[in-house]
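*Asks:*
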Amino acid sequence: MSTKKAFFVIINPVSGNGKGKKIWKNIHPKLHQNYTIEFGFTTHINHEIKLTKTALKKGFKHFIIIGGDGTLNKFITGVFSQNLVDSKDVTFGVIAIGTGNDWIKTHNIPKHPTKALQTIINGKTDTQDVGCLTYLKPDLPNTYFINLCGIGFDGLVVNIVNNNRTFGKFTYIFGALKALFLFKLFKTTVTLDLKPKSYDSCFMIQLGICKYTGSGMQLTKQPNPKDGLFDISIATGFTKWDIVKNIISLFNGNIVFHKKIETYKTNHLQLSFNQQAPKSQADGEQIETKDMNVSMHPKAIRFYC
2 MSTKKAFFVI INPVSGNGKG KKIWKNIHPK LHQNYTIEFG FTTHINHEIK LTKTALKKGF
62 KHFIIIGGDG TLNKFITGVF SQNLVDSKDV TFGVIAIGTG NDWIKTHNIP KHPTKALQTI
122 INGKTDTQDV GCLTYLKPDL PNTYFINLCG IGFDGLVVNI VNNNRTFGKF TYIFGALKAL
182 FLFKLFKTTV TLDLKPKSYD SCFMIQLGIC KYTGSGMQLT KQPNPKDGLF DISIATGFTK
242 WDIVKNIISL FNGNIVFHKK IETYKTNHLQ LSFNQQAPKS QADGEQIETK DMNVSMHPKA
302 IRFYC
């Protein structure tokens with residue numbers, strides 16, 4: 002590599018209804034003028050993970066992610082599922098072109114591609130925490146997340162959304178409305194500070210690092226991406242009518258004050274489920290719902306802001 006700063010760029014060409022290629026074509030010349038650049042287009046599921054690991058082996062420490070929250074999630078998984086490079090030595094920037102683009106909202110990173118690129122060029126950085134799900138079943142790899150993990154209702158919404166993104170910015174609203182008619186309350190045991198508590202009619206569990214999910218919903222009370230703690234919301238006994246009545250509260254954050262929601266702060270917990278396990282998501286990506294330990298990597302990665 003030359004003495005110029007070197008970036009590896011990961012582009013999801015289908016994110017944002019195919020905006021990835023066009024945006025890359027527009028910004029590539031400006032990047033190439035000032036930096037050493039290599040790039041890769043994703044071509045299949047989880048390709049971001051392989052691209053990230055390969056780039057790290059080649060010596061890249063600076064990355065640009067052109068895609069949505071899912072593309073960012075897979076990049077994070079690539080960083081944290083390898084042992085060659087310390088995650089704290091990695092810095093990334095995001096040019097967000099996905100459906101939800103929730104992670105950038107917490108950090109006030111511009112959505113406009115030119116402004117987002119300038120944020121990266123300006124070079125200001127910060128750090129944040131990263132969550133890890135370790136499944137108790139040993140044949141399942143760890144899952145990592147940088148924004149929020151949701152189990153139950155919003156996991157079902159993500160399942161619906163990932164199968165149909167034809168409604169643009171209204172996609173998540175469509176998914177939530179459809180999920181109203183499909184969701185079922187589930188049983189789970191949550192262990193906090195070695196104290197297990199069982200829930201027989203759980204609606205959803207939120208493990209928040211950052212503030213927003215589902216294209217702007219605010220489902221946790223006081224998330225702080227730098228305090229080393231998960232901001233947890235556990236909702237029980239919700240009916241369809243409860244959701245309809247509180248739909249605005251999902252987006253303005255007031256839902257966490259509902260009498261059927263408990264909130265906690267912790268850096269570690271354990272979740273166990275019966276055979277009727279609900280849908281789950283991490284950063285908008287569908288994940289396995291199995292018995293798991295949840296732990297935090299504090300201030301584990303750096304990003305351009």
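Numbers given in our numbering equal positions in the sequence shown, counted from 1, plus 1. Glycine included, every Cβ here is placed at the ideal spot set by N, Cα and C. Predicted, not measured: the structure shown is a model, and the values here were computed from it.
On the three-state DSSP scale, how would you describe A283?
*Replies:* Along the sequence shown, read from residue 1 onward, the residue named residue 283 stands at position 282. In this structure, A283 counts as strand in the three-state DSSP scheme.
*Asks:* Flag this pair as yes or no: are the beta carbons of G151 and Q207 separated by less than 7 Å?
*Replies:* Translated into the one-based positions of the sequence shown, residue 151 becomes position 150. Translated into the one-based positions of the sequence shown, residue 207 becomes position 206. Yes, they are a contact pair.
*Asks:* In chain order, what residues of the same chain lie with their CB nearer than 7 Å to the CB of L193, ignoring the 5 residues before and after it?
*Replies:* The residue you call residue 193 lines up with position 192 of the sequence shown. Y265, T267, L270.
*Asks:* Would you call the CB atoms of G69 and T100 closer than 7 Å?
*Replies:* Counting from one through the sequence shown, the residue named residue 69 turns up at place 68. Counting from one through the sequence shown, the residue named residue 100 turns up at place 99. Going by C-beta atoms, G69 is nearer than 7 Å to T100.
*Asks:* By alpha-carbon positions, which one of M205, G217, Y305 ends up nearest to T290?
*Replies:* Reading the sequence shown from its first residue, position 289 is the one you call residue 290. The option with the nearest alpha carbon to T290 is M205.
*Asks:* In angstroms, rounded to a whole number, what distance separates the CA positions of F9 and F64?
*Replies:* Translated into the one-based positions of the sequence shown, residue 9 becomes position 8. Translated into the one-based positions of the sequence shown, residue 64 becomes position 63. Distance between the alpha carbons of F9 and F64 is about 5 Å.
*Asks:* Examine the Cβ distances between the stretch 11–26 and the stretch 46–55 and report whether three or more of them are shorter than 8 Å.
*Replies:* Short answer: they touch.
*Asks:* Beta-carbon separation of T144 and A283 under 7 Å?
*Replies:* Within the sequence shown, numbered from 1, the residue matching residue 144 stands at position 143. Within the sequence shown, numbered from 1, the residue matching residue 283 stands at position 282. Contact flag set, yes.
*Asks:* How would you label T126, buried or exposed, when you count the other beta carbons within 10 angstroms and need 16 or more for buried?
*Replies:* Looking up residue 126 in the sequence shown gives position 125. It is exposed - the Cβ of T126 has fewer than 16 other Cβ atoms within 10 Å.
*Asks:* Taking the straight line between their C-alpha atoms, what separation do you get for G21 and I28?
*Replies:* Counted from its first residue, the sequence shown places residue 21 at position 20. Counted from its first residue, the sequence shown places residue 28 at position 27. Their Cα atoms are separated by approximately 11 Å.
*Asks:* Three or more C-beta pairs closer than 8 Å, one from the stretch 252–260 and one from the stretch 215–231: is that the case here?
*Replies:* They touch, by the three-pair rule.
*Asks:* Beta strand (DSSP E) containing Y200: first to last residue?
*Replies:* To locate residue 200, count along the sequence shown from 1; it is residue 199. Per DSSP, Y200 belongs to the beta strand (DSSP E) from 196–209.
*Asks:* To which residues of the same chain is C306 closer than 8 Å at the C-beta, ignoring the five residues directly before and after it?
*Replies:* As a first step, residue 306 must be located in the sequence shown, where it is residue number 305. Only H108, N109, I110, T120, K125, T126, D127 meet the Cβ criterion.
*Asks:* Taking C-beta to C-beta, are D90 and K59 nearer than 7 Å?
*Replies:* Looking up residue 90 in the sequence shown gives position 89. Looking up residue 59 in the sequence shown gives position 58. No. Outside cutoff.
*Asks:* For T267, which three-state DSSP category applies?
*Replies:* Taking the sequence shown and counting its residues from 1, the one referred to as residue 267 is at position 266. Three-state result, T267: strand.
*Asks:* Does the Cβ-Cβ distance between K280 and N160 come in under 7 Å?
*Replies:* Numbered from 1 along the sequence shown, position 279 holds the residue referred to as residue 280. Numbered from 1 along the sequence shown, position 159 holds the residue referred to as residue 160. Against a cut-off of 7 Å, the Cβ pair of N160 and K280 comes out as a contact.
*Asks:* Given P318, which residues of its chain have a CB within under 7 Å of its CB, disregarding the five upstream and five downstream residues?
*Replies:* This structure does not reach residue 318, given that the chain is present from 2 up to 306, and the question cannot be answered.
*Asks:* In terms of alpha-carbon separation, which member of L272, V86, T44, A117 lies closest to C307?
*Replies:* Because the chain in this structure spans residues 2 to 306, residue 307 falls outside the shown range and cannot be described.
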